[in-house]
Ligand code: AMP
Ligand code: TRP
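Numbering (this note's numbering), first residue to last: 26 to 359.
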């Protein structure tokens, strides 16, 4: 690891990756690897904070690695591995459990959403999930973390934990305070069925999301069926404030066509949403289906994916062990 800036991010192996993961995270992972050292982790320990069928979990780890490679991550350039294979994540998470405060965790909105109405029944792991995420980042002393907007609060907590550790153990600047890299335009891709909810793997209806492995036919159908608006497309973004589904389609179109919102509105104003949908479906098909086909191809060669994980684990472990040695010393562990 030569350069000073270091990127770390994680994706949970919990099934189908979708357009939200792609625009919010994966596409940025790929562009960052040109200029910075990058570590990309399949966070299986995070996934098991809610019950996962063991066979499904194994399958999903490989599918996530395949998705990383298919979107353009280069395993010779970036470190790609699964979290549980480097035991330092769990060890540092324990230490950080002792630094992090209950009051801080009580404010985490993702726990409230995921735990649902009966919080007493949620796993302890789900509650301390953000401390493990801080451990992932700090284990490598990462400086930059590309994520979607839904992870902003967790990133802020990671910074608080880093700062408290540095204060408590009187080692100013020991952990860098990690900076979030959140995409400006579509930091949150919303569900195609309900524009107030984020596009998510766990949403029941498959029509709510575009999966990376969807066929051209699936994508076209889903975009056609997406909720929009009966009025024509306006010429300003303000008129879309109360129309989250329409705004979401415009945002996705802007992102995928690499065009500013202003230009998109100039192109689209006065037209029906069916026109936008046709164009959007075409662009999505041409960008997403090659990724899906590549994922299918990669999944046929499991030993190649195993090799990638093995190489990544070895590289990650060297950095992790080196940093852990210093962390243990700071804390007073022998
Ligand atoms: P997850 O699948 O929850 O592990 O998320 C992996 C990455 O994708 C994280 O950086 C998330 O912030 C990002 N992400 C997930 N869903 C969305 C979404 N609907 N819009 C934008 N980014 C997302
Ligand atoms: N919590 C993140 C999510 O659900 C995944 C994640 C785990 C992560 N560890 C991380 C993201 C470290 C960035 C850095 O999307």
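We put the CB at the ideal spot given by N, CA and C, even for glycine.
Out of curiosity, what's the CA-to-CA distance linking residue i and residue j?
i, j, result
"residue 27", "residue 344", "Because residue 27 sits at a pLDDT of 44, beneath the cut-off of 50, its placement in the model cannot be relied upon, and the following sentence gives the value as read from the coordinates. Those two C-alpha atoms are separated by around 12 angstroms."
"residue 272", "residue 208", "17 angstroms"
"residue 324", "residue 114", "27 angstroms"
"residue 203", "residue 181", "9 angstroms"
"residue 356", "residue 72", "28 angstroms"
"residue 67", "residue 107", "5 angstroms"
"residue 94", "residue 320", "8 angstroms"
"residue 147", "residue 136", "9 angstroms"
"residue 287", "residue 212", "18 angstroms"
"residue 49", "residue 173", "5 angstroms"
"residue 244", "residue 76", "30 angstroms"
"residue 192", "residue 61", "28 angstroms"
"residue 55", "residue 308", "19 angstroms"
"residue 130", "residue 74", "15 angstroms"
Just confirm the distance between the C-beta atoms of residue i and residue j, as a whole number of angstroms; I'd bet it's less than 8 angstroms.
i, j, result
"residue 237", "residue 317", "5 angstroms"
"residue 166", "residue 200", "6 angstroms"
"residue 85", "residue 39", "6 angstroms"
"residue 338", "residue 90", "12 angstroms between Cβ atoms; not a contact."
"residue 103", "residue 64", "7 angstroms"
In the DSSP output, which residue or residues are listed as bridge partners for residue i?
i, result
"residue 34", "65"
"residue 169", "32 and 204"
"residue 106", "66"
"residue 215", "223"
"residue 43", "236"
From the options, pick the residue whose C-alpha is nearest to that of residue i; which is it?
i, options, result
"residue 99", "115, 336 and 359", "336"
"residue 266", "42, 308, 221 and 63", "221"
"residue 261", "295, 229 and 187", "295"
"residue 253", "228, 240 and 218", "218"
"residue 276", "312, 232, 214 and 226", "214"
"residue 118", "160, 109 and 197", "160"
"residue 303", "43, 263 and 242", "242"
"residue 120", "293, 346, 157 and 128", "157"
"residue 263", "290, 249 and 255", "290"
What do you reckon, is the C-beta of residue i under 8 angstroms from a heavy atom of the ligand TRP?
i, result
"residue 34", "yes"
"residue 154", "yes"
"residue 63", "no"
"residue 175", "yes"
"residue 71", "yes"
Can you tell me whether residue i sits near the ligand AMP, meaning its C-beta is under 8 angstroms from at least one heavy atom of the ligand?
i, result
"residue 226", "yes"
"residue 56", "no"
"residue 269", "no"
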